[in-house]
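**Q**
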Amino acid sequence: MPSLFASYLRVYEPLTAFDRDRQAYWRRYVEQGRAVAPVEGPGRQRTSVIEALGAGWTRLPDLPDEAYVLETDETLLVCPWNLRIRVAEAALSARDGVPAVLADAFVPPVLAGQAKAVVEDWRSGARVLEHGVPRVHEQIATWGVPLRWFVLFEADERHHVTAPDRRSLRFRTEISKARRRSSRALSVLRKSVGDAPITEAVEEAARWLEEFHPRSVVELDYGGLVDLLSDETLAADDSPELVAAGLAGLSQGEAEEASAAYDKLVARWRAVQLLERCN
1 MPSLFASYLR VYEPLTAFDR DRQAYWRRYV EQGRAVAPVE GPGRQRTSVI
51 EALGAGWTRL PDLPDEAYVL ETDETLLVCP WNLRIRVAEA ALSARDGVPA
101 VLADAFVPPV LAGQAKAVVE DWRSGARVLE HGVPRVHEQI ATWGVPLRWF
151 VLFEADERHH VTAPDRRSLR FRTEISKARR RSSRALSVLR KSVGDAPITE
201 AVEEAARWLE EFHPRSVVEL DYGGLVDLLS DETLAADDSP ELVAAGLAGL
251 SQGEAEEASA AYDKLVARWR AVQLLERCN
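Residue 219 in the UniProt record's numbering is what sits at position 219 of the sequence shown, and the numbering runs on without skipping anything.
Dropping the structure here:
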């Protein structure tokens with residue numbers, strides 16, 4: 001289930017990425033003023049998932065289609081929530097570490113099987129492309145930002161707001177740029193560190209981006225993490241630059257420079273992750 005202290009990686013697709021029925025639905029959705037702002041969305045998603053959970057399920061519940069929306073002068077872009085998949089993930093998580101008798105009482109095996117099938121379908125990019133399985137447009141990370149996400153952005157794509165009643169930090173870029181950056185990063189990592197966990201993580205992100213329309217927009221949103229960080233810390237955050245410096249060091253064979261950038265980045269986000277234990 002989404003945590004309020006979480007970051008988000010989203011893809012907004014143009015309407016042409018959807019079939020005719022979905023295009024009509026999303027147009028009506030926007031015209032009726034139903035689109036949800038990113039600052040309100042995580043709480044709404046969390047509530048929807050919790051309310052959908054219940055003992056004695058026999059099937060995954062049907063949930064309304066909701067989305068974040070970006071409107072530009074040229075087009076309308078949509079980032080659907082895909083709550084059915086979120087509920088399926090929550091159902092499987094509810095069984096983790098719980099005695100079988102309790103797990104089966106809360107999430108029966110037949111429902112767990114349905115949930116597992118839904119999650120496996122969207123995790124398989126081939127099934128998404130070949131069989132029309134709904135794409136998951138939003139990834140969620142609690143108590144931090146995965147380092148691989150910073151590979152996709154540059155400093156000048158930063159949008160920072162520090163108004164007392166509205167604090168946010170986001171990066172947005174065209175998906176074509178994000179794909180090029182992930183491809184370059186993969187090339188550097190494969191040559192310098194081989195099949196390391198970071199290489200696999202960046203490769204996974206690159207594969208995910210391939211599922212979407214070439215005119216999509218990619219967004220990294222610090223979400224509720226901004227409430228854990230001061231204005232000064234947010235203003236000084238240079239995480240994408242540190243990732244770029246680390247990759248540049250690796251590509252040039254300058255191990256010390258790459259290590260210094262990596263260590264600084266890890267220390268910064270470890271400090272945020274440790275706050276979970278203080279909660």
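Ideal Cβ positions, reconstructed from N, Cα and C, are used throughout, including at glycine.
1. Take the Cβ of D221 as the centre, count every other Cβ of all protein chains shown within 10 Å, and call the residue buried at 16 or more, exposed below.
2. Could I get the ranges of all uninterrupted alpha helix (DSSP H) runs contained in the stretch 216 to 272, with 4 residues as the minimum, in chain order?
3. How many angstroms separate the CA atom of D96 from the CA atom of V49?
4. Enumerate, from N- to C-terminal direction, the unbroken beta strand (DSSP E) stretches of 3 or more residues contained entirely within the stretch 4 to 45.
5. In the DSSP assignment, the beta strand (DSSP E) including R167 goes from what residue to what residue?
6. Mind checking V226: buried by the 16 CB within 10 Å criterion, or exposed?
7. H160 to A100, Cα distance in whole Å?
8. Using the C-alpha atoms, what's the distance from G43 back to S182?
9. Determine, using beta carbons only, whether G246 and A6 come nearer to each other than 8 Å.
10. Going by C-alpha to C-alpha distance, which of R166, A248 and A35 sits closest to P231?
11. Looking at the secondary structure, which residues open and close the beta strand (DSSP E) in which R158 lies?
12. Assess contact between the stretch 250 to 262 and the stretch 207 to 219, defined as three or more Cβ pairs (one per stretch) separated by less than 8 Å. Is contact present?
13. According to DSSP, V78 sits in a beta bridge with which residue or residues?
14. Determine the burial state of L4: buried for a count of at least 16 other Cβ atoms within 10 Å of its Cβ, exposed for fewer.
15. Give the straight-line distance between the Cα atoms of F141 and V11, rounded to the nearest whole angstrom.
16. Does G249 come within less than 8 Å of chain D when only Cβ atoms are used?
17. I need the straight-line Cα distance from V47 to E89, nearest angstrom please.
18. Can you give me the C-alpha to C-alpha distance between A258 and R148, rounded to a whole angstrom?
19. Would you kindly report the start and end of the unbroken alpha helix (DSSP H) that includes A201?
20. Since V39 and L63 should fall inside the 8 Å C-beta cutoff, what is the C-beta to C-beta distance between them, to a whole number of angstroms?
21. Taking contact to mean at least 3 C-beta pairs separated by less than 8 Å, is the stretch 148 to 157 in contact with the stretch 12 to 31?
22. Which two residues bound the contiguous alpha helix (DSSP H) that contains F150?
23. Compute the distance between the beta-carbons of A67 and Y29, then report whether it is under 8 Å.
24. Are D238 and A185 closer than 8 Å when you measure CB to CB?
25. Identify whether E154 lies in helix, strand or coil by the three-state DSSP scheme.
26. Expressed to the nearest angstrom, what Euclidean distance is found between the alpha-carbon atoms of A206 and R27?
27. Taking buried to mean at least 16 other C-beta atoms within 10 Å of its own C-beta, is G41 buried or exposed?
28. Do L70 and L77 have their CB atoms nearer than 8 Å?
**A** In terms of the structure at hand:
1. Numbered from its first residue, the sequence shown carries residue 221 at position 221. By the 10 Å Cβ count, D221 comes out buried.
2. 231 to 236 and 239 to 251
3. Your numbering for residue 96 matches position 96 in the sequence shown. Your numbering for residue 49 matches position 49 in the sequence shown. One C-alpha to the other measures close to 17 Å.
4. Runs of beta strand (DSSP E) with 3 or more residues, each lying fully within the stretch 4 to 45, are found at 6 to 14, listed in chain order.
5. Taking the sequence shown and counting its residues from 1, the one referred to as residue 167 is at position 167. First-last of the beta strand (DSSP E) with R167: R166 to E174.
6. Locating residue 226 in the sequence shown gives position 226, where the first residue counts as 1. When all chains shown are included, V226 counts as buried.
7. Here residue 160 refers to the residue found at position 160 of the sequence shown. Here residue 100 refers to the residue found at position 100 of the sequence shown. Using only the alpha carbons, I get a separation of about 47 Å.
8. On the sequence shown, position 182 is the one that residue 182 refers to. On the sequence shown, position 43 is the one that residue 43 refers to. The alpha-carbon of S182 is positioned some 30 Å away from that of G43.
9. Position 246 of the sequence shown holds residue 246. Position 6 of the sequence shown holds residue 6. Not in contact: G246 and A6 (Cβ atoms no closer than 8 Å).
10. In the sequence shown, residue 231 corresponds to position 231, counting from 1. Looking at the sequence provided, one finds Asp at residue 231 rather than Pro. Considering only alpha carbons, the answer is R166.
11. Here residue 158 refers to the residue found at position 158 of the sequence shown. Segment R158 to A163, the beta strand (DSSP E) holding R158.
12. no
13. Indexing the sequence shown from 1 puts residue 78 at position 78. Note: V78 sits in a beta bridge opposite E13 and V69.
14. If you number the sequence shown from 1, residue 4 lands on position 4. Looking at its Cβ environment, which holds fewer than 16 other Cβ atoms inside 10 Å, L4 is exposed.
15. By 1-based counting over the sequence shown, the position of residue 141 is 141. By 1-based counting over the sequence shown, the position of residue 11 is 11. Position check: residue 141 holds Ala in this sequence, whereas Phe was assumed. Rounded to the nearest angstrom, the two C-alpha atoms are 15 Å apart.
16. Of the protein chains in the structure, only one exists, and it is not chain D.
17. By one-based count along the sequence shown, residue 47 stands at place 47. By one-based count along the sequence shown, residue 89 stands at place 89. The identity of residue 47 in the sequence shown is Thr, whereas the question assumes Val. If you take the alpha carbons of T47 and E89, they lie about 15 Å apart.
18. Locating residue 258 in the sequence shown gives position 258, counting from the first residue. Locating residue 148 in the sequence shown gives position 148, counting from the first residue. Straight-line Cα distance between these residues: approximately 15 Å.
19. Taking the first residue of the sequence shown as 1, we reach residue 201 at position 201. P197 to L209 is the extent of the alpha helix (DSSP H) around A201.
20. In the sequence shown, residue 39 corresponds to position 39, counting from 1. In the sequence shown, residue 63 corresponds to position 63, counting from 1. In fact, because the Cβ distance is near 21 Å, the residues do not count as touching under 8 Å.
21. Short answer: they don't touch.
22. Within the sequence shown, numbered from 1, the residue matching residue 150 stands at position 150. Unbroken alpha helix (DSSP H) run through F150: L147 to F150.
23. Residue 67 sits at position 67 when you count from the first residue of the sequence shown. Residue 29 sits at position 29 when you count from the first residue of the sequence shown. Taking 8 Å as the Cβ cut-off, A67 and Y29 qualify as a contacting pair.
24. Within the sequence shown, residue 238 is the residue found at index 238, counting from 1. Within the sequence shown, residue 185 is the residue found at index 185, counting from 1. Against a cut-off of 8 Å, the Cβ pair of A185 and D238 comes out as no contact.
25. Locating residue 154 in the sequence shown gives position 154, counting from the first residue. Looking at E154 - three-state DSSP - the assignment turns out to be coil, as it is neither helix nor strand.
26. Counting from one through the sequence shown, the residue named residue 206 turns up at place 206. Counting from one through the sequence shown, the residue named residue 27 turns up at place 27. Roughly 29 Å between the two C-alpha positions.
27. Counting from 1 along the sequence shown, the entry for residue 41 is found at position 41. Buried, because 16 or more other Cβ atoms sit within 10 Å of the Cβ of G41.
28. Start at 1 with the first residue of the sequence shown, and residue 70 comes out as number 70. Start at 1 with the first residue of the sequence shown, and residue 77 comes out as number 77. Cβ atoms of L70 and L77: closer than 8 Å.
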